[in-house]
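Visitor: Before I ask anything, let me first share the structure, which is written out below as structure tokens.
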Amino acid sequence: MAQGRKGKLNYRCPRCLMREIDMDMLFDNEKGEYYCLRCSFFGPEAEVLRVNAEFRDKYLDRATRITDF
Amino acid sequence: MTTFYLNVIHRPEMVPEYLQKDAEEGKAEDVTRSDVIRESLDIFRTQQRVAHDNDIRTTIQMTYASLFNEEAVAIAKEDHEKYGDEIGSTFLGLQCAQFREKFASKELAIWLFSMADKRRIVDEVFGKFEEVFGFLPTSTGSYYMDAELVNYIKDRYPHVKAAVATCWEEGPKAYHNANNSWYTLLDGGPWNPWIPSRRNIHCPASDADDDIGIVAIPHLSRDLMAVFDGPGSYYGTHPQNILRGMVYEGREIPYFMNIVDQYRAMAKYNRGYAYNMMFVGPGWMSKSGRWEADYDFLLKSYEDGMAYYGRLKKEGKVVDLTMSEFADAYRQDRAYSQPEVTLWKDILYGSKRQQFWFADPSMRFCLDMNQGGAMIDLRPYAAKLIRPCGVGTKHIQDASYPFLVQSLFRAGYFTHYAGEGAVKSCKFVHAGEVVDLCACRTQASFSEDGDTRVVTLDPVEIEFENFTIGVQSIFRLMEGTGEIEITRKIVSSTDPTAEVSIDEYITACYGTTEYPEDLTGVQLKLKGRSGKESIDYEYRCREAAVDGIDSVEAIVPQVDTRLSMRPDAGDVTGYFREGMAFSPMYTLGIKKTVQGTGELRTWLKVEKAS
């Protein structure tokens, strides 16, 4: 097995992010996938981005400009 | 007349925090490694440029390491001359070869050193600063500065008038967020600037004798709802924090402007005064990207944020001051007794939820309108606990100010199957049916009546099996009294003959984390016309009640606090309830039965016990 290395943009584990833990992942060059040392998540960049998008779903106002205070 | 003050702070960091670990391991020998310095200085220079392009002045907080770098010093001097930026000092960014030579330590947090080391470091940092600039700084800071540290600084360097002294609600939540490796355990302070007590930095000073001599500024202006229940490093006036929290769509971050505008709106709760601060360390704008964002996005977020401040300035809606200038402005017309208050609304999750925050020299508390105005956080500032931190002290890393109620750390209304959680609320009882206001979502409005701040909640409907009542809650906060007057009024009933018991209660504990503390030695007392009751806490589930109650109280020696409630009339019953080891809480309550409509008025007070 290849040594895990830091991937681009220090992607955090998206599953740990769901529980608000910032956990940088390592990247396996041989398999082309990221993996988490804490929660057993693994997957390619596309899977990381898919779960990250899910994480953002809770922010219903993330694209809303609010001016009424 | 309203004034929205802004402090923008930058620091030239020679070893950005993201390279701290490498530096510790000798991989990036900080000031001698040119590529690290170049990147870090480039980022600092960029931040300064972005601020000045938007006509915003800054406070440059020189790190100790940067004092050895001629280029960093030259930039600071030049920007001071050209733009009127203040040159201050920070205890962040201590680590460099010179520091390790002098102090033989890899410690990076000033508040975690022993008191002897803190004194030596202050003298070294300020001495070097004076050697480089020819004057001493009037502003300083770190992520946290305990009162003992600030007292020493004021004793030796009395001209210091401002300090970044805490990060609001960076405690166990921040620790967990950082995979249990970031030791900023600093919960419990005010969210906006304050004049601290010389006994504990978190507590606003009561008077001139208690005044520590600086104006304290929290690191960043944070989302008071999201950060109370989430990582501090996701939701605040720090564009890259927002990227870390992923609160964006595409590459747009309206959330930043929403936070700024909600802080601007605090003027209506605070007699025309409002405040914002932005303080981004260079490490957050790394050229190699950070938090799933590339450098272009990191830069854009900073430029957009500063551009918004610049636009507000052009429109005359913000006054940009340096830290020391702000300290002078803040002290000009600020009475020690004046509370900081705000009715915060959700700007993140799309709900209509509101939370009311209050801080004065007696207490800090939060009311949650999603839970019928329940008090979900209560810190007894009146106790002014002397609680130094750092090596050689009892608490070392735990610099938080203790709570009596923290509903997220200690359950609140909802518990799993058994026991009680920490919360202050009110129950309505009829023939065995019990409804807690925690189950009644509502909205609130704010008003002032002379020196009394008033939070008025919209009435809620409580449905019993055979009838319905309307209930309104009103909180009146009389400046300088340390008391909260709480009125629970049954404003309507579909059965005017039905009797309802109104049971105002507080279930409390003490602590700084999620984990229970030993309540042994807490005293619970009742005093009334029909008698007295008193017990020492032993986890035995004992209860007592006294009719014609005058006061119910808990003495919590562990946090030197007396927590009490009193009613407005004698025809009420007071009670206490001891908990058990599976429910380590104590409950104080006052209850009264009314027929049809009626009200119960009580006062809650926190005092220093000794």
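So the sequences go chain by chain: A and B. Heads up: the first sequence is residues 0 to 68, going by numbering that gives the first Met the number 0. Heads up: the second sequence is residues 0 to 609, going by numbering that gives the first Met the number 0. Don't be surprised by glycine CBs; every beta carbon is placed ideally from N, CA and C. From a predicted model like this one, the values you see are computed outputs, not experimental measurements.
How about Asp21 (chain A): is its C-beta nearer than 8 Å to some C-beta of chain B?
Guide: Here residue 21 (chain A) corresponds to residue number 22 of the first sequence, with the count starting at 1. Output row for Asp21 (chain A): interface = yes.
Visitor: Quick one: which residues of the region 224-238 of chain B get their C-beta closer than 7 Å to a C-beta of chain A? List them in chain order.
Guide: Those would be Gly229, Pro230, in chain order.
Visitor: On the criterion of 16 or more Cβ atoms from any shown chain inside 10 Å, does Tyr514 (chain B) qualify as buried, or is it exposed?
Guide: Position 515 of the second sequence, counted from the first residue, corresponds to residue 514 (chain B). Classification for Tyr514 (chain B): exposed.
Visitor: Comparing alpha-carbon positions, which option in B:Ala430, B:Glu606, B:Ala373, B:Cys439 lies nearest Leu407 (chain B)?
Guide: Counted from its first residue, the second sequence places residue 407 (chain B) at position 408. The option with the nearest alpha carbon to Leu407 (chain B) is B:Ala373.
Visitor: Give the list of continuous alpha helix (DSSP H) stretches no shorter than 4 residues that lie fully inside the region 328-354 of chain B.
Guide: None, since the region 328-354 of chain B contains no complete alpha helix (DSSP H) of that length.
Visitor: Let me know the alpha helix (DSSP H) ranges lying completely inside the region 274-323 of chain B, each 4 residues or longer, listed in chain order.
Guide: Runs of the alpha helix (DSSP H) inside the region 274-323 of chain B: 294-313.
Visitor: Please check if any C-beta of chain A sits within less than 8 Å of the C-beta of Gln261 (chain B).
Guide: Translated into positions along the second sequence, residue 261 (chain B) becomes position 262. Judged by the 8 Å Cβ criterion, Gln261 (chain B) is in contact with chain A.
Visitor: Tell me which residues share the same chain as Tyr156 (chain B) and place their Cβ nearer than 7 Å to its Cβ, disregarding the 5 neighbours each side in the sequence.
Guide: Residue numbering aside, residue 156 (chain B) sits at position 157 when the second sequence is read from its first letter. So the qualifying residues of the chain are Phe125, Leu135.
Visitor: Could you name the residues of the same chain whose beta carbon sits closer than 8 Å to that of Val390 (chain B), not counting the 5 residues immediately before and after it, in chain order?
Guide: Residue mapping note: residue 390 (chain B) aligns to position 391 of the second sequence, counting from 1. Once the five neighbours on either side are set aside, the close Cβ partners of Val390 (chain B) are Leu111, Phe112, Ser113, Asp116.
Visitor: Distance check for Gly315 (chain B) and Phe128 (chain B), CA to CA, integer angstroms please.
Guide: For the purposes of this step, residue 128 (chain B) is identified with residue 129 of the second sequence, where counting begins at 1. For the purposes of this step, residue 315 (chain B) is identified with residue 316 of the second sequence, where counting begins at 1. Taking the straight line joining both Cα atoms gives about 35 Å.
Visitor: Give, in chain order, every residue of the region 172-185 of chain B whose Cβ lies closer than 7 Å to some Cβ of chain A.
Guide: Taking 7 Å as the Cβ-Cβ cut-off against chain A, the residues of the region 172-185 of chain B that qualify are His175, Asn176, Ala177, Asn178.
Visitor: Smallest Cα separation from Gly420 (chain B): which of B:Ser446, B:Ile489, B:Ala497, B:Met579?
Guide: Working through the second sequence from its first residue, we reach residue 420 (chain B) at position 421. Gly420 (chain B) has its Cα closest to that of B:Met579, out of B:Ser446, B:Ile489, B:Ala497, B:Met579.
Visitor: Using CA atoms only, rank isn't needed, just tell me which of B:Asp84, B:Asp228, B:Thr560 is closest to Gln405 (chain B).
Guide: Position 406 of the second sequence holds residue 405 (chain B). Nearest of B:Asp84, B:Asp228, B:Thr560 to Gln405 (chain B), Cα basis: B:Asp228.
Visitor: From which residue to which residue does the beta strand (DSSP E) around Met564 (chain B) run?
Guide: By 1-based counting over the second sequence, the position of residue 564 (chain B) is 565. Residues 560-566.
Visitor: In chain order, what residues of the region 343-357 of chain B put their CB closer than 9 Å to some CB of chain A?
Guide: Going along the region 343-357 of chain B in chain order, one finds Lys344, Asp345, Ile346, Leu347, Tyr348, Gly349, Ser350 with a Cβ nearer than 9 Å to chain A.
Visitor: How should Met0 (chain B) be labelled, buried or exposed, when 16 other C-beta atoms within 10 angstroms of its C-beta is the threshold for buried?
Guide: Counting from 1 along the second sequence, the entry for residue 0 (chain B) is found at position 1. It counts as exposed.
Visitor: Are there three or more Cβ pairs, one per stretch, closer than 8 Å when the region 96-104 of chain B is compared with the region 133-153 of chain B?
Guide: Output reads no: the region 133-153 of chain B does not touch the region 96-104 of chain B.
Visitor: So, is Tyr585 (chain B) buried or exposed, given that buried needs 16 or more other C-beta atoms within 10 angstroms?
Guide: In the second sequence, the residue the question calls residue 585 (chain B) occupies position 586. Tyr585 (chain B) should be labelled buried.
Visitor: Could you tell me how far apart the beta carbons of Met24 (chain A) and Cys35 (chain A) are, in whole angstroms, since I believe they sit closer than 8 Å?
Guide: One-based indexing of the first sequence puts residue 24 (chain A) at position 25. One-based indexing of the first sequence puts residue 35 (chain A) at position 36. The pair is a contact, with the Cβ atoms about 5 Å apart (cut-off 8 Å).
Visitor: Please go through the same chain and pick out, in chain order, the residues whose beta-carbon is closer than 6 Å to the beta-carbon of Asp186 (chain B), but skip the five residues on each side of it.
Guide: Locating residue 186 (chain B) in the second sequence gives position 187, counting from the first residue. These residues qualify, in order along the chain: Glu168, Gly170, Ser399.
Visitor: Using a C-beta cutoff of 8 Å, does Arg289 (chain B) count as contacting chain A?
Guide: The residue you call residue 289 (chain B) lines up with position 290 of the second sequence. Output row for Arg289 (chain B): interface = yes.
Visitor: For Glu248 (chain B), which residues in chain A fall below 7 Å Cβ to Cβ?
Guide: On the second sequence, residue 248 (chain B) is found 249 positions in, with the first residue counted as 1. Under the 7 Å cutoff, chain A gives Arg61, Ala62.
Visitor: In chain B, which residues lie with their C-beta within 7 Å of the C-beta of Phe54 (chain A)?
Guide: Here residue 54 (chain A) refers to the residue found at position 55 of the first sequence. Those are Met245, listed as they occur along chain B.
Visitor: Bridge partners for Ser424 (chain B) per DSSP, in chain order?
Guide: Taking the first residue of the second sequence as position 1, residue 424 (chain B) is located at position 425. The partner list for Ser424 (chain B) (beta bridge, DSSP) reads B:Tyr504.
Visitor: Taking the C-alpha atoms as reference points, what is the distance between Asp222 (chain B) and Lys57 (chain A)?
Guide: Numbered from its first residue, the second sequence carries residue 222 (chain B) at position 223. Numbered from its first residue, the first sequence carries residue 57 (chain A) at position 58. Going by the C-alpha atoms only, they are around 16 Å apart.
Visitor: Determine the burial state of Asp359 (chain B): buried for a count of at least 16 other Cβ atoms within 10 Å of its Cβ, exposed for fewer.
Guide: Counted from its first residue, the second sequence places residue 359 (chain B) at position 360. Buried: at least 16 other Cβ atoms inside 10 Å.
Visitor: Identify every run of the beta strand (DSSP E) within the region 74-157 of chain B, keeping only runs that are complete inside it and at least 3 residues long; order them along the chain.
Guide: For the region 74-157 of chain B, whole beta strand (DSSP E) runs of length 3 or above, ordered along the chain, are 85-88, 138-140.
Visitor: Who pairs with Ala358 (chain B) in a beta bridge, going by DSSP?
Guide: Residue mapping note: residue 358 (chain B) aligns to position 359 of the second sequence, counting from 1. The partner list for Ala358 (chain B) (beta bridge, DSSP) reads B:Glu339, B:Arg363.
Visitor: Should Thr496 (chain B) go down as buried or exposed, given a rule of 16 or more other Cβ atoms within 10 Å for buried?
Guide: Here the question's residue 496 (chain B) lines up with position 497 in the second sequence. Its Cβ having fewer than 16 others within 10 Å, Thr496 (chain B) is exposed.
Visitor: Any C-beta of chain D sitting closer than 8 Å to the C-beta of Phe40 (chain A)?
Guide: Judged by its chain identifiers, the structure shown contains no chain D, and its protein chains are A and B.
Visitor: Mind checking which residues open and close the alpha helix (DSSP H) that includes His201 (chain B)?
Guide: The residue you call residue 201 (chain B) lines up with position 202 of the second sequence. His201 (chain B) -> no alpha helix (DSSP H), and no H or E assigned at all.
Visitor: Once you ignore the five residues that flank Tyr574 (chain B) on each side, which residues in its own chain have a CB closer than 6 Å to its CB?
Guide: As a first step, residue 574 (chain B) is located in the second sequence; it is residue number 575 there, counting from the start. Ala544, Gly588.
Visitor: How would you label Ile385 (chain B), buried or exposed, when you count the other beta carbons within 10 angstroms and need 16 or more for buried?
Guide: Position 386 of the second sequence, counting from 1, holds the residue named residue 385 (chain B). Exposed.
Visitor: What does Leu25 (chain A) reach in chain B if we use C-beta pairs closer than 8 Å?
Guide: On the first sequence, position 26 is the one that residue 25 (chain A) refers to. Correct list: empty, because the minimum Cβ distance to chain B is about 14 Å.
Visitor: Beta-carbon separation of Lys636 (chain B) and Lys383 (chain B) under 8 Å?
Guide: Shown here, chain B extends from 0 to 609; a query on residue 636 (chain B) therefore has no answer.
Visitor: At the level of alpha carbons, what is the spacing between Leu599 (chain B) and Glu577 (chain B)?
Guide: Taking the second sequence and counting its residues from 1, one reaches residue 599 (chain B) at position 600. Taking the second sequence and counting its residues from 1, one reaches residue 577 (chain B) at position 578. Computed Cα separation, rounded: 24 Å.
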